[in-house]
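In this note's numbering, each residue carries its 1-based index in the sequence shown increased by 2.
For glycine and all other residues, C-beta sits at the position ideal for the given N, C-alpha and C.
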Amino acid sequence: MMLLHGESEYNQIGRLGGDSPLSENGLNYADKLKEYFEIESLKDLRVWSSQKIRAAQTASNMRELATNVEYWKVLDEIDAGICEGLTYEDFEARYPKQFAERDKDKYHYRYPSGESYEDLVARLEPVIMELERQSNVLVISHQAVLRCILAYFTNKNREELPYLKVPLHTVIKLTPKAYSCEVEMFKFDIKAVNTYREKPGHPVRLPFRSFLWSSALSCY
């Protein structure tokens, strides 16, 4: 299983990267996660979290339920280089050529002094190999990181990978099937901004089964 950290203060104002704490909505989500996993009652649950503040805060309540909680720098968000902390509007205004190049080929585009999705895939390879050998692991990380992991386990290509939807306040469950994984998304009824940016000219539909998790007792 994996999930995006709770909504952060930077999410609310549309800024890239950074290391901001959770918003009030995000803190509420972190509390509800504990209820969700108490119901799931998974044996020997292990949590692997990014070291970023927003991910660590999301993982904090899981310490009582998990066998162990580990914080891995390799799970930190893609490095946006000189664009860290900018909004997309700032990015386009300050670096219009870079912005256009990213829209043209998001997988290979590398932020100046930062990373590309291609770099991120290479960085995450050891994590993905370890996930293949483990069970009952919960990964708490970031949008680009979870896209890479999700793409690997669902056989998505490099054109699809950077545009996979990884919503806030949603638990993503992967169940192994022949040659791939079934994906189920359990969305919490907790307000959050939409961090998804469509591929220019190509609206993307959510390709996985999605459910609303509105309380500790029901899943729709």
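Bridge partner(s) assigned by DSSP for residue i
i	result
L24	S10
M4	V141 and I174
R17	T89
K179	S182
Residue range of the unbroken beta strand (DSSP E) whose run includes residue i
i	result
E184	S182 to F190
Y73	N70 to W74
Integer Cβ distance of residue i from residue j, believed to fall under 8 Å
i	j	result
E86	G19	4 Å
H171	E40	Incorrect: roughly 17 Å between the Cβ atoms, too far for contact.
N27	A194	6 Å
L133	V147	That belief does not hold up - the Cβ atoms of L133 and V147 are roughly 12 Å apart, past 8 Å.
L77	V129	7 Å
N- and C-terminal bounds of the alpha helix (DSSP H) containing residue i
i	result
V49	First-last for V49: R48 to S52, but that is the beta strand (DSSP E), not the alpha helix (DSSP H).
T60	I55 to A61
A95	Y90 to R96
Y119	Y119 to R135
Close-in-space but distant-in-sequence residues of the same chain around residue i (CB under 7 Å, 5 per side omitted)
i	result
V173	M3, L5, Y38 and F188
L105	The amino acid occupying residue 105 in the given sequence is Asp; Leu does not appear at that position. For D105, where only same-chain residues beyond five positions count, the Cβ hits under 7 Å are P202.
K75	Q53
E120	Y109 and H110
E184	T177
Q14	S25 and V195
Check whether residue i and residue j have beta carbons under 8 Å apart
i	j	result
Q59	L24	yes
S51	Y31	no
H144	H7	yes
V123	C150	yes
F155	L140	no
D107	I55	no
I192	A57	no
L166	K179	no
D92	N63	no
Y90	R199	yes
Close Cβ partners of residue i (< 6 Å) along its chain, the five nearest in sequence each way excluded
i	result
P114	G83 and I84
E117	I80 and D81
D46	T69 and N138
F101	F93 and E94
L88	L18
L29	none
R112	S118
8 Å Cβ shell around residue i - same chain, five flanking residues per side excluded
i	result
E66	K36
E161	Y109
S182	F155, T156 and N157
M131	none
Check: residue i C-beta below 7 Å from any heavy atom of the ligand SAM
i	result
G16	What this structure holds is no ligand at all, so the ligand SAM is not there to describe.
Cutoff 8 Å: residue i Cβ touching any chain B Cβ
i	result
L24	The structure shown contains no chain B; it holds only a single protein chain.
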